[in-house]
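Undergrad: Take a look at this one; I'll ask things after.
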Amino acid sequence: MAPPSILCCTQFMEDDEENVKKVQANNNYKDDTSKTKCFFLYWLLVLLFAIGVITVAALTIARYVDFLKRTRGPHHHPQQVDQKYANALQIAMQFFDVQKSGKLVDNKIEWRGDSALQDGSKEKLDLSKGLYDAGDLMKFGFPMAFTATVLSWAILEYGHHMNAVQQLKPAQDSLKWVTDYLLNSHPYPNVLYVQVGDPELDHNCWERPETMTAKRPVTQINASFPGTEVAAETAAAMASASLVFKKINSTYSDMLLMHAQQLFTFADTYRGLYSTSVPHVQTYYNSTAYGDELLWAASWLYLATGDRSYLRYVTELNGQAFADWGNPTWFSWDDKRAGVHQVLLSRINLIGEKDVSDSGNLELQMYRKTAETIMCRLLPESPTATASRTEGGLIWIAPWNCLQYSVASAFLALLYSDYMLTSGTETLYCSGKLYKPVDLRDFSISQVEYVLGNNPMKLSYLVGYGSSYPLHIHHRGSSIPTNADTGCKDGFKWLDSESPNPNVAVGALVGGPFFNESYVDARNNTMQGEPTTYNSALLVGLLSGLATSSTVAKSFTT
């Protein structure tokens with residue numbers, strides 16, 4: 000037997016070994032627990048990281064989709080079609096076919112035929128194409144060029160909308176019918192033919208274009224007898240159209256741009272009112288100034304070329320002289336200032352090239368400020384809202400062809416609304432009140448709804464739309480039966496007839512109501528009942544913008 004001390008030591012050692020084993024077992028248990036905790040913590044972090052990545056990706060995709068929606072180009076699919084406005088657009092587009100002169104191609108208007116095939120032949124020019132101005136058989140170059148510019152603008156902004164409702168090709172075809180004429184009317188750099196027909200002779204006859212017998216003289220402007228405004232407007236038409244045809248027919252686009260640049264140089268070098276050089280137009284399309292057309296043309300040339308000399312022209316060189324900053328005006332065939340503010344400031348200041356729009360250009364800021372003033376006075380609840388509107392809410396400026404101003408205002412408001420959306424501009428400040436893009440769009444809708452029949456007369460002012468529209472419009476071709484054998488003078492019996500027009504001029508937008516919202520449907524009521532091509536171009540632009548809910552593209556060239 001071992002001594003007690005050894006026994007104690009041995010027991011202690013056995014106890015110690017047992018303790019060590021317990022400690023080791025406990026440590027092993029702790030190690031296993033720690034490993035388990037680390038395992039779960041690791042996968043928790045992985046899961047959280049994955050959730051974060053997915054969230055960021057989802058937000059990025061959502062923002063990108065929103066970006067595409069706001070900046071979609073003509074090849075992107077627009078959103079849901081508004082069938083009401085799509086139908087109205089299809090009707091409005093037909094008026095260009097009603098007004099075509101020359102040898103018709105794929106004629107869609109059964110009561111129309113070839114006409115004016117010899118226009119320009121004595122000068123060895125082919126001026127047979129183009130559009131008859133209104134209810135007469137004149138070709139006035141000034142309003143015709145404006146029609147082309149506005150139609151180009153509509154296609155550039157809303158061509159993807161038009162395409163969604165099968166109206167893009169008709170718009171392009173009608174535009175080319177005009178630009179073909181304009182190209183032929185500019186045979187030399189400093190010569191432009193601005194009119195076909197004598198308005199006095201024409202207005203002393205009431206006959207169909209297919210059988211007209213009145214003489215068709217042509218009128219030109221040149222270095223000795225200048226016409227700055229009509230030359231500049233034609234330059235704007237060609238520059239804007241060059242953008243429309245850039246990807247369709249590059250050769251044709253280049254030709255348009257070359258003529259546009261020549262005409263702008265001609266207009267700017269030889270300054271003078273065309274209504275002074277061609278006095279007889281004063282009764283029909285008397286121009287009040289030419290500075291606005293110079294700015295308008297230079298703006299479109301900048302957009303078409305990217306040449307900043309044109310931008311400099313409209314800002315530091317001539318903005319102060321011609322833009323009339325701070326004084327809002329009404330957009331029309333005669334006054335382009337409101338359009339300049341829209342095209343120039345909105346395309347450049349809001350969504351143009353960043354180094355230009357963010358350059359602190361004082362003149363561009365003045366353009367934008369004036370455009371905001373224009374928008375604020377259109378909004379009916381704005382503190383600065385114009386009083387120039389009927390009780391029914393229609394913008395009403397003048398008794399003669401009043402719808403030109405309301406439709407033009409609605410078109411500009413819709414464009415500005417979409418420019419705000421595309422640029423991410425959330426609000427418009429109007430003397431203490433804030434408005435959103437949707438407010439401008441709602442105003443545009445109010446105007447077109449009035450035109451389409453939501454008015455005290457319950458009358459659609461767009462011929463062919465709805466169940467009630469004017470039946471006696473002031474229009475020669477529409478009012479004379481196709482089998483009539485009447486000539487120049489005896490054709491006036493059709494003007495005086497109280498019967499509805501035998502041929503419906505589908506798509507014609509008449510002049511519109513008086514300020515008291517009444518309308519007299521009589522053929523000799525020229526003030527209210529005569530349609531024009533430029534009214535139609537403005538309405539086509541407005542309806543195209545409303546045909547779907549998508550907005551404008553960021554660039555005309557991409």
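Numbering (numbering that gives the first Met the number 0), first residue to last: 0 to 557. The beta carbon of each residue, even a glycine, is placed where N, CA and C say it ideally should be. These numbers come from a predicted model, not from an experiment.
#1: Between Leu427 and Met374, which are expected to be in contact by the criterion C-beta below 8 Å, what is the C-beta distance as a whole number of angstroms?
#2: Which residues does DSSP list as the beta-bridge partners of Gln194?
#3: Have a look at Met211 and Met257 and give me their C-alpha separation to the nearest angstrom.
#4: Do Gly290 and Ala266 have their C-beta atoms closer together than 8 Å?
#5: DSSP three-state label for Leu150, please.
#6: The beta strand (DSSP E) spanning Cys429 covers which residue range?
#7: Would you call the stretch 185-193 in contact with the stretch 96-104, where contact means no fewer than 3 C-beta pairs closer than 8 Å?
#8: My output table needs one value for Ser459: the three-state DSSP class, helix, strand or coil.
#9: DSSP on Gly476, reduced to helix/strand/coil?
#10: Thinking Leu116 and Ala144 are a contact (beta carbons under 8 Å), I'd like their distance in whole angstroms, please.
#11: Taking Cβ to Cβ, would you say Val243 is nearer than 8 Å to Leu155?
#12: Note the first and the last residue of the continuous beta strand (DSSP E) segment covering Leu433.
#13: Check the DSSP bridge columns for Leu547 and list the partner residues they point to.
#14: Quick check on Asp568: buried or exposed, where buried means 16 or more other Cβ atoms within 10 Å of its Cβ?
#15: So which of Pro530, Ser467 and Tyr460 has the shortest CA-CA distance to Thr146?
#16: Do you know offhand how far Asp417's Cα is from Ser223's?
#17: So, is Val539 buried or exposed, given that buried needs 16 or more other C-beta atoms within 10 angstroms?
#18: Just the Cα atoms here: how many angstroms apart are Tyr460 and Asn534?
#19: May I ask which residues mark the beginning and end of the alpha helix (DSSP H) holding Val528?
#20: If you drop the 5 nearest sequence neighbours on each side, which residues of the same chain put their C-beta closer than 6 Å to that of Thr148?
#21: State the Cα-Cα distance for the pair Gln165 and Lys245, rounded to the nearest angstrom.
#22: What is the DSSP secondary structure of Lys121, counted as helix, strand or coil?
#23: Is Ile154 close to the ligand MN? I mean its beta-carbon at under 7 Å from any heavy atom of the ligand.
#24: Using a Cβ-Cβ cutoff of less than 6 Å, which residues in the same chain neighbour Lys492 once the five nearest sequence positions on both sides are dropped?
#25: Once the 5 residues before and after Tyr251 are set aside, which same chain residues still bring their CB inside 6 Å of it?
#26: With a Cβ-Cβ cutoff of 8 Å, do Ala259 and Ala536 count as a contact?
#27: Closest by CA to Asp438, which one among Ser381, Arg307, Gly452 and Thr314?
#28: Which whole-angstrom value describes the C-beta separation of Asn562 and Leu470, a residue pair presumed to lie in contact below a C-beta threshold of 8 Å?
#29: Quick one, which of Lys368, Pro480 and Asp333 has its alpha-carbon nearest His340's?
#30: Spell out a yes or no on whether the stretch 325-334 and the stretch 345-352 are touching, meaning 3 or more CB-CB pairs, one atom from each, closer than 8 Å.
#31: Sorted by chain position, which residues of the same chain lie with C-beta nearer than 7 Å to Asp357's C-beta, five sequence neighbours on each side aside?
#32: From which residue to which residue does the alpha helix (DSSP H) around Phe330 run?
#33: Which residue comes first and which comes last in the alpha helix (DSSP H) that contains Leu182?
#34: With a Cβ-Cβ cutoff of 8 Å, do Ser543 and Leu88 count as a contact?
#35: Measure the C-alpha to C-alpha separation of Gly119 and Lys99 and round it to an integer number of angstroms.
#36: Quick one: Cα of Leu343 to Cα of Asp306, how far?
TA: Considering the structure as presented:
#1: Here the question's residue 427 lines up with position 428 in the sequence shown. Here the question's residue 374 lines up with position 375 in the sequence shown. Correct: roughly 6 Å between the Cβ atoms.
#2: Sequence index remark: in the sequence shown, residue 194 carries index 195 (1-based). DSSP lists Phe139 and Thr218 as partners of Gln194.
#3: In the sequence shown, residue 211 corresponds to position 212, counting from 1. In the sequence shown, residue 257 corresponds to position 258, counting from 1. Straight-line Cα distance between these residues: approximately 35 Å.
#4: Within the sequence shown, residue 290 is the residue found at index 291, counting from 1. Within the sequence shown, residue 266 is the residue found at index 267, counting from 1. Contact flag unset, no.
#5: Looking up residue 150 in the sequence shown gives position 151. The answer is helix: DSSP assigns Leu150 an H, G or I state.
#6: Translated into the one-based positions of the sequence shown, residue 429 becomes position 430. In the DSSP annotation of this structure, the continuous segment of the beta strand (DSSP E) that includes Cys429 starts and ends at Leu427 to Cys429.
#7: Because the criterion of three Cβ pairs below 8 Å is not met, the stretch 185-193 and the stretch 96-104 do not touch.
#8: By 1-based counting over the sequence shown, the position of residue 459 is 460. Coil.
#9: One-based indexing of the sequence shown puts residue 476 at position 477. In the structure shown, Gly476 sits in a helix (DSSP, three-state: H, G or I).
#10: Position 117 of the sequence shown, counting from 1, holds the residue named residue 116. Position 145 of the sequence shown, counting from 1, holds the residue named residue 144. Wrong, their Cβ atoms sit about 22 Å apart, outside the cutoff.
#11: Here residue 243 is taken as the residue at index 244 of the sequence shown, counted from 1. Here residue 155 is taken as the residue at index 156 of the sequence shown, counted from 1. Result yes, Cβ atoms of Val243 and Leu155 sit closer than 8 Å.
#12: Counting from one through the sequence shown, the residue named residue 433 turns up at place 434. Taken as a continuous stretch (DSSP letters only), the beta strand (DSSP E) holding Leu433 covers Lys432 to Tyr434.
#13: Indexing the sequence shown from 1 puts residue 547 at position 548. In the sequence as displayed, the identity of residue 547 is Thr instead of Leu. According to DSSP, which records beta bridges pairwise, Thr547 is partnered with Val80.
#14: Since the first residue shown for the chain is 0 and the last is 557, residue 568 is missing from the structure and cannot be characterised.
#15: For the purposes of this step, residue 146 is taken as the residue at position 147 of the sequence shown. Checked all of Pro530, Ser467 and Tyr460; the closest Cα to Thr146 is Pro530.
#16: On the sequence shown, residue 417 is found 418 positions in, with the first residue counted as 1. On the sequence shown, residue 223 is found 224 positions in, with the first residue counted as 1. The alpha-carbon atoms of Asp417 and Ser223 are separated by roughly 44 Å.
#17: Within the sequence shown, the letter at position 540 stands for residue 539. It is buried - the Cβ of Val539 has at least 16 other Cβ atoms within 10 Å.
#18: Stepping through the sequence shown from its first residue, residue 460 is reached at position 461. Stepping through the sequence shown from its first residue, residue 534 is reached at position 535. Distance between the alpha carbons of Tyr460 and Asn534: 11 Å.
#19: Position 529 of the sequence shown, counted from the first residue, corresponds to residue 528. In the sequence on display, residue 528 carries Gly and not Val. First-last of the alpha helix (DSSP H) with Gly528: Thr525 to Gly528.
#20: Along the sequence shown, read from residue 1 onward, the residue named residue 148 stands at position 149. Closer than 6 Å at the Cβ level, and outside the excluded window around Thr148, lie Ala235, Ala236 and Ser239.
#21: In the sequence shown, counting from the first residue as 1, residue 165 sits at position 166. In the sequence shown, counting from the first residue as 1, residue 245 sits at position 246. Between the C-alpha atoms of Gln165 and Lys245 there is a straight-line separation of about 20 Å.
#22: Position 122 of the sequence shown, counted from the start, is the residue given in the question as residue 121. DSSP places Lys121 in helix when its eight states are reduced to three.
#23: In the structure on display, the ligand MN does not appear, and there are no ligands present to speak of.
#24: Mapped onto the sequence shown, residue 492 falls at position 493. Closer than 6 Å at Cβ, skipping near neighbours: no residue.
#25: Locating residue 251 in the sequence shown gives position 252, counting from the first residue. These residues qualify, in order along the chain: Phe244.
#26: Counting from one through the sequence shown, the residue named residue 259 turns up at place 260. Counting from one through the sequence shown, the residue named residue 536 turns up at place 537. Not closer than 8 Å, so no.
#27: In the sequence shown, residue 438 corresponds to position 439, counting from 1. Ranking Ser381, Arg307, Gly452 and Thr314 by Cα distance to Asp438 puts Ser381 first.
#28: In the structure as shown, the chain starts at 0 and stops at 557, and residue 562 therefore has no counterpart that could be examined.
#29: As a first step, residue 340 must be located in the sequence shown, where it is residue number 341. Comparing Cα-Cα distances from His340 to each of Lys368, Pro480 and Asp333, the minimum goes to Lys368.
#30: Here the stretch 325-334 makes no contact with the stretch 345-352; the two share fewer than three CB pairs at distances below 8 Å.
#31: If you number the sequence shown from 1, residue 357 lands on position 358. Residue placement at Asp357 is flagged as unreliable, the pLDDT there being 49, under the threshold of 50; the coordinate-derived value follows with that caveat. Within the same chain, Asp357 has no close Cβ partners at all.
#32: Taking the sequence shown and counting its residues from 1, the one referred to as residue 330 is at position 331. From DSSP, Phe330 is part of no alpha helix (DSSP H); its letter is neither H nor E.
#33: Mapped onto the sequence shown, residue 182 falls at position 183. Per DSSP, Leu182 belongs to the alpha helix (DSSP H) from Leu167 to Asn183.
#34: Position 544 of the sequence shown, counted from the start, is the residue given in the question as residue 543. Position 89 of the sequence shown, counted from the start, is the residue given in the question as residue 88. Their beta carbons are under 8 Å apart, which means Ser543 touches Leu88 by this criterion.
#35: Position 120 of the sequence shown, counting from 1, holds the residue named residue 119. Position 100 of the sequence shown, counting from 1, holds the residue named residue 99. Straight across, the Cα-Cα distance linking Gly119 with Lys99 is about 16 Å.
#36: Counting from one through the sequence shown, the residue named residue 343 turns up at place 344. Counting from one through the sequence shown, the residue named residue 306 turns up at place 307. If I take the Cα positions, the gap works out to 14 Å.
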